[in-house]
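Using UniProt numbering, you'd call the opening residue of the sequence shown number 1 and step up by one each time. Cβ atoms here follow ideal geometry from the backbone N, Cα and C, with glycine treated the same way. Computed from a prediction, not measured in an experiment: that's the story for all the values here. To keep things clear, I will list the structure first and then write my remarks on it.
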Amino acid sequence: MDESDRRKIKENIDALVDVLDYASILPLLQMKRIFTRSMIEAFDGHQYLEHRKFAMLCDLCKRGPNAFEDFIDCLQMTEQTEAIRLLKPEALTPENMQRRGSLFPVRRGMIKYPSCSPFLNDDQNPDRYYKMTSNPRGYALIVNIRSFAYVNTERIGSEMDVKRLARVFRRLHYDVVVKDDDPKSNELLDFFNDYSSREELNQHDSIVVVIMTHGGSYGSCDFIYAADDVPIEVDECIIQKFNAANCPQLKNKPKLFFIQSCRGDRDDKGVPVPDINRNIEGMQFNSNMSDACSFPPQSSTQRMRTDPSHCDVLISNATVFGYRAYRNTDHGSWYIQALAFCLWHHAHDKHIEEILSCVQNKVRELRTEDEFVQCTTYYNQGFDKNFYFNPGYFE
1 MDESDRRKIK ENIDALVDVL DYASILPLLQ MKRIFTRSMI EAFDGHQYLE HRKFAMLCDL
61 CKRGPNAFED FIDCLQMTEQ TEAIRLLKPE ALTPENMQRR GSLFPVRRGM IKYPSCSPFL
121 NDDQNPDRYY KMTSNPRGYA LIVNIRSFAY VNTERIGSEM DVKRLARVFR RLHYDVVVKD
181 DDPKSNELLD FFNDYSSREE LNQHDSIVVV IMTHGGSYGS CDFIYAADDV PIEVDECIIQ
241 KFNAANCPQL KNKPKLFFIQ SCRGDRDDKG VPVPDINRNI EGMQFNSNMS DACSFPPQSS
301 TQRMRTDPSH CDVLISNATV FGYRAYRNTD HGSWYIQALA FCLWHHAHDK HIEEILSCVQ
361 NKVRELRTED EFVQCTTYYN QGFDKNFYFN PGYFE
């Protein structure tokens, strides 16, 4: 680290300890490979939060040549403006917040910025790309159920997932709606019925639905639990609410579902691999929790073109069918941490399936204390075009 940057940290260390959001920035610091897992465990070994922050900042001064700028990036990602103001106030300008492909587009009117969308061709061929230029892009419905009625299975740490994803999707120009009041089954179904019937969907180019709760599987079906411990079948009761038949406002528009829940109670012990240095840029937090719990016919003279009802849907799951999904009680779930990180860094230059491959690359490197592993998965239903978030691009 440059001596002048090191001096900025040391001179402001007391003020930084006061304003720093330690819990939200720590996963990003490990993803950036500023700190190793053992270093973070050493910080967390201090009894008081202020001492953890102080130890982390002291060690930050000893890190590599890019540590200071990477630290500023992490502060930007977690919107810690007071800390940025102490260390690098010029980074608070929109132009500097945009650097390194972050999700802070420079707004100078409704025009295209190549730095925000370098991947698009000039004509944005509608046969190849989903249209993503509306403002807002659509709703991002984020549902988190932390506490449940009958079983002591509180999803501790899930509030970090909500905070992280809400921030990212707002930067991607979504109208974020958070439902985190532990809805019962009827309340959850009413919530999805309400938003799938809204007229403003006609003006939106997409919709994002994120569900974080306990779950499982029965037969070949996935289900999630509401706060009253009532199981809700995911496809029939949620995903189909937004298909072209039930929600014509979203016909031919991309519908993205991200589901953080267990899909069974099996643990994946993995298979032996050579013990090599994989130089991971990702999270390696121990997990101590999982998210498991036990048209009418047309006459021959009046034919019309029809489209499949279930097209343009992409569903991403935290884990494969039958297995558990893991969550850290301090930092949130593996899957959501990786999803937020990859969206933040690659929404400007990768389409969604490339981003989900990035998510899997992060998650596959993580281990629980018992050496269990996790594999994410996604599948599409007629999702036949490339989907780019296009941050900073409007018509």
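Do residue 234 and residue 143 have their C-beta atoms closer together than 8 Å?
Your numbering for residue 234 matches position 234 in the sequence shown. Your numbering for residue 143 matches position 143 in the sequence shown. Not in contact: residue 234 and residue 143 (Cβ atoms no closer than 8 Å).
Which residues does DSSP list as the beta-bridge partners of residue 222?
If you number the sequence shown from 1, residue 222 lands on position 222. DSSP lists 217 as partners of residue 222.
Which runs of the beta strand (DSSP E) at least 3 residues long sit entirely within the UniProt domain "Caspase family p20" (136 to 266)? Give them in chain order.
138 to 144, 175 to 179, 206 to 212, 215 to 218, 221 to 225, 231 to 233 and 255 to 260
Runs of alpha helix (DSSP H) lying entirely within the stretch 336 to 391, each at least 4 residues, in chain order
352 to 363
With burial defined as no fewer than 16 other Cβ atoms inside 10 Å of the residue's Cβ, what is the status of residue 27: buried or exposed?
One-based indexing of the sequence shown puts residue 27 at position 27. Burial call: buried.
Considering only the alpha carbon of each residue, which of 154, 149 and 134 lies closest to residue 253?
Counting from 1 along the sequence shown, the entry for residue 253 is found at position 253. Ranking 154, 149 and 134 by Cα distance to residue 253 puts 134 first.
Span separating the alpha-carbon of residue 379 from that of residue 257:
Position 379 of the sequence shown, counting from 1, holds the residue named residue 379. Position 257 of the sequence shown, counting from 1, holds the residue named residue 257. The straight-line gap from Cα to Cα measures roughly 10 Å.
What are the boundary residues of the beta strand (DSSP E) that includes residue 327?
Position 327 of the sequence shown holds residue 327. It spans 326 to 328 - the beta strand (DSSP E) in which residue 327 sits, taken as one unbroken run.
Exposed or buried, which one is residue 183 when buried takes at least 16 other CB atoms within 10 Å?
Residue 183 sits at position 183 when you count from the first residue of the sequence shown. Buried, because 16 or more other Cβ atoms sit within 10 Å of the Cβ of residue 183.
Classify residue 34 as helix, strand or coil using the three-state DSSP reduction.
The residue you call residue 34 lines up with position 34 of the sequence shown. If DSSP states are grouped into helix, strand and coil, residue 34 belongs with coil.
Checking the sheet assignment: what are the DSSP bridge partners for residue 317?
Counting from one through the sequence shown, the residue named residue 317 turns up at place 317. BP columns for residue 317 point to 259 and 377.
Please go through the same chain and pick out, in chain order, the residues whose beta-carbon is closer than 6 Å to the beta-carbon of residue 91, but skip the five residues on each side of it.
Position 91 of the sequence shown holds residue 91. 72 and 84, listed in sequence order.
Secondary structure of residue 97, DSSP reduced to three states
In the sequence shown, the residue the question calls residue 97 occupies position 97. Reliability of the predicted coordinates at residue 97 is poor, the pLDDT of 47 falling under 50, and no value is obtained from them.
I think residue 385 touches residue 128, with their Cβ atoms under 8 Å apart; what is that distance to the nearest whole Å?
To locate residue 385, count along the sequence shown from 1; it is residue 385. To locate residue 128, count along the sequence shown from 1; it is residue 128. The pair is a contact, with the Cβ atoms about 6 Å apart (cut-off 8 Å).
Over what stretch of residues does the alpha helix (DSSP H) that includes residue 395 continue unbroken?
Your numbering for residue 395 matches position 395 in the sequence shown. Run containing residue 395: none; DSSP gives neither H nor E here.
In whole angstroms, give me the CA-to-CA distance for residue 148 and residue 244.
Indexing the sequence shown from 1 puts residue 148 at position 148. Indexing the sequence shown from 1 puts residue 244 at position 244. So the alpha carbons of these two residues sit roughly 33 Å apart.
Check whether the stretch 33 to 47 touches the stretch 10 to 20, counting contact only when three or more Cβ pairs, one atom from each stretch, lie closer than 8 Å.
no
Beta-carbon gap between residue 214 and residue 262 smaller than 8 Å:
To locate residue 214, count along the sequence shown from 1; it is residue 214. To locate residue 262, count along the sequence shown from 1; it is residue 262. Result yes, Cβ atoms of residue 214 and residue 262 sit closer than 8 Å.
To the nearest angstrom, how far is the alpha carbon of residue 6 from that of residue 68?
In the sequence shown, the residue the question calls residue 6 occupies position 6. In the sequence shown, the residue the question calls residue 68 occupies position 68. Roughly 8 Å separates the two Cα atoms.
Three-state secondary structure (DSSP) of residue 48:
Within the sequence shown, the letter at position 48 stands for residue 48. Coil, per DSSP.
Could you check where the alpha helix (DSSP H) with residue 133 kicks off and where it finishes?
Here the question's residue 133 lines up with position 133 in the sequence shown. Unbroken run through residue 133: none, as it is neither H nor E.
Could you compute how far the alpha carbon of residue 390 sits from the alpha carbon of residue 130?
To locate residue 390, count along the sequence shown from 1; it is residue 390. To locate residue 130, count along the sequence shown from 1; it is residue 130. So the two alpha carbons sit approximately 11 Å from each other.
Hey, how far is the Cα of residue 188 from the Cα of residue 204?
As a working mapping, residue 188 is identified with position 188 in the sequence shown. As a working mapping, residue 204 is identified with position 204 in the sequence shown. Taking the straight line from one Cα to the other gives about 22 Å.
On the DSSP bridge list, what partners appear for residue 333?
Within the sequence shown, residue 333 is the residue found at index 333, counting from 1. 327.
Of the listed residues 319, 154 and 159, nearest to residue 216 (C-alpha basis)
Reading the sequence shown from its first residue, position 216 is the one you call residue 216. Nearest of 319, 154 and 159 to residue 216, Cα basis: 319.
For the candidate residues 70, 88, 372 and 41, whose alpha-carbon lies nearest to that of residue 11?
Indexing the sequence shown from 1 puts residue 11 at position 11. Considering only alpha carbons, the answer is 88.
Would you grab the beta carbon distance between residue 163 and residue 24 for me? Rounded to a whole angstrom, and I think it's under 8 Å.
Stepping through the sequence shown from its first residue, residue 163 is reached at position 163. Stepping through the sequence shown from its first residue, residue 24 is reached at position 24. With a Cβ gap of about 7 Å, residue 163 and residue 24 count as contacting.
Keeping to the same chain, check which residues put their C-beta closer than 7 Å to that of residue 63; ignore five residues upstream and five downstream.
To locate residue 63, count along the sequence shown from 1; it is residue 63. 1 and 34.
Can you list, in chain order, the residues of its chain with a C-beta nearer than 6 Å to that of residue 339? Leave out the 5 residues immediately preceding and following it.
If you number the sequence shown from 1, residue 339 lands on position 339. If we look at residue 339 and ignore the five residues flanking it on each side, its Cβ neighbours are 359.
Assign residue 247 to one of two classes, buried (16 or more other C-beta atoms within 10 Å of its C-beta) or exposed (fewer than that).
Here residue 247 corresponds to residue number 247 of the sequence shown, with the count starting at 1. Answer is buried; the Cβ neighbour count reaches 16.
For residue 6, the three-state DSSP class (helix, strand or coil)
Sequence index remark: in the sequence shown, residue 6 carries index 6 (1-based). Helix, per DSSP.
Between residue 387 and residue 345, how many whole angstroms is the CB-CB distance? I'm expecting something under 8 Å.
Indexing the sequence shown from 1 puts residue 387 at position 387. Indexing the sequence shown from 1 puts residue 345 at position 345. In fact, because the Cβ distance is near 17 Å, the residues do not count as touching under 8 Å.
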